[in-house]
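Trainee: I'd like to ask you about the structure that follows.
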Amino acid sequence: MSQILLFLTLGLLVNPSELIEVLVPALVISVFLILIGRPVTVFLTLFPFRKIRFKDKLYISWVGLRGAVPIIFAILPLAEGIPHARWIFNIVFVITIVSLLVQGTSLAMVARWLGLAEKPTKYKEFEDFDVEFAEEIKSAMTEIFISEETLQYGKNRMEMPLPDKTLAVMIKRGEQYFVPTGQTELHAGDKLLVISDDEDALRETYDNIGISNYSFQKNK
Numbered sequence: 001m002s003q004i005l006l007f008l009t010l011g012l013l014v015n016p017s018e019l020i021e022v023l024v025p026a027l028v029i030s031v032f033l034i035l036i037g038r039p040v041t042v043f044l045t046l047f048p049f050r051k052i053r054f055k056d057k058l059y060i061s062w063v064g065l066r067g068a069v070p071i072i073f074a075i076l077p078l079a080e081g082i083p084h085a086r087w088i089f090n091i092v093f094v095i096t097i098v099s100l101l102v103q104g105t106s107l108a109m110v111a112r113w114l115g116l117a118e119k120p121t122k123y124k125e126f127e128d129f130d131v132e133f134a135e136e137i138k139s140a141m142t143e144i145f146i147s148e149e150t151l152q153y154g155k156n157r158m159e160m161p162l163p164d165k166t167l168a169v170m171i172k173r174g175e176q177y178f179v180p181t182g183q184t185e186l187h188a189g190d191k192l193l194v195i196s197d198d199e200d201a202l203r204e205t206y207d208n209i210g211i212s213n214y215s216f217q218k219n220k
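Read the sequence shown against full-length UniProt numbering and you will find it ends at 220, with the numbers running on by one and no gaps.
Take a look at the structure:
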């Protein structure tokens, strides 16, 4: 709410006819700040923090000049009656608008370009198990296909290198469904229904043992 009021105040103080004469210098300053000034400042400031990746620094550099600080600094000279205060105010206004339009509207695109945007997890529908959990249960359900390659890592549930908090609750073999025990022998072509509280660890395990033909379901 406070920033909305500040932007409203900034707009009320602007005289559009005065912006034309400061447009060129304001645009030059904006380009300098966007492409040189802020990136140099960010990289120098974060130089001691070696663990911050290069692309993270690039993204921080692109965040730009927005928010309450430039507005307050632009209004203060007007309030104090400083010489050329109106000229300074108009330039800051144009710079702020350019940053909002150029950097503010492109943050998501830049994040994707740098590989920083998180991709939403896609859940593929099960083919052989029609199972639904109550909404209170947030465990991930996964249906996996047991191949000859998979059996190299374990011929029964006890031998399979599944992570903790993970249960194999049902097997489909041909047209038959049954609940496995730890010693139930797995066959190539089996479909296995697995439930886990650690989805990330389960996905990593699947990648490590070469399971690619699987689907996930999870209550949101």
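A virtual CB, placed ideally from N, CA and C, is assigned to each residue, including glycine.
1. For Phe89, collect the residues of the same chain with a Cβ closer than 6 Å to its Cβ; drop the 5 residues on either side in sequence, then sort them by chain order.
2. Quick check: what's the CA-CA separation for Tyr206 versus Pro163?
3. Closer than 6 Å by C-beta to Leu107: which residues in its own chain qualify, once you throw out the five before and the five after it? Chain order, please.
4. Step through the CB atoms of chain C and report whether any lies within less than 8 Å of the CB of Leu19.
5. Excluding the 5 residues flanking Pro180 on each side, which residues of the same chain have their C-beta closer than 7 Å to its C-beta?
6. Do you know offhand how far Ile34's Cα is from Phe54's?
7. Would you mind giving the Cβ-Cβ distance between Ser147 and Ala201, rounded to the nearest angstrom? I have them listed as a contact below 8 Å.
8. By the 10 Å Cβ neighbour count, where 16 or more other Cβ atoms means buried, how is Lys165 classified, buried or exposed?
Mentor: Taking the geometry as given:
1. Closer than 6 Å at the Cβ level, and outside the excluded window around Phe89, lie Ala74, Leu78.
2. CA-CA distance, Tyr206 to Pro163, rounds to 10 Å.
3. The answer is none, since no qualifying residue turns up.
4. Judged by its chain identifiers, the structure shown contains no chain C, having just a single protein chain.
5. Non-local C-beta neighbours of Pro180 in its own chain, meaning closer than 7 Å and more than five positions away in sequence, comprise Arg157, Ala168, Ile171, ordered along the chain.
6. Cα to Cα, Ile34 sits roughly 17 Å from Phe54.
7. Taking C-beta atoms under 8 Å as the contact rule, Ser147 and Ala201 fail to qualify, at a distance of about 21 Å.
8. Exposed is the call here.
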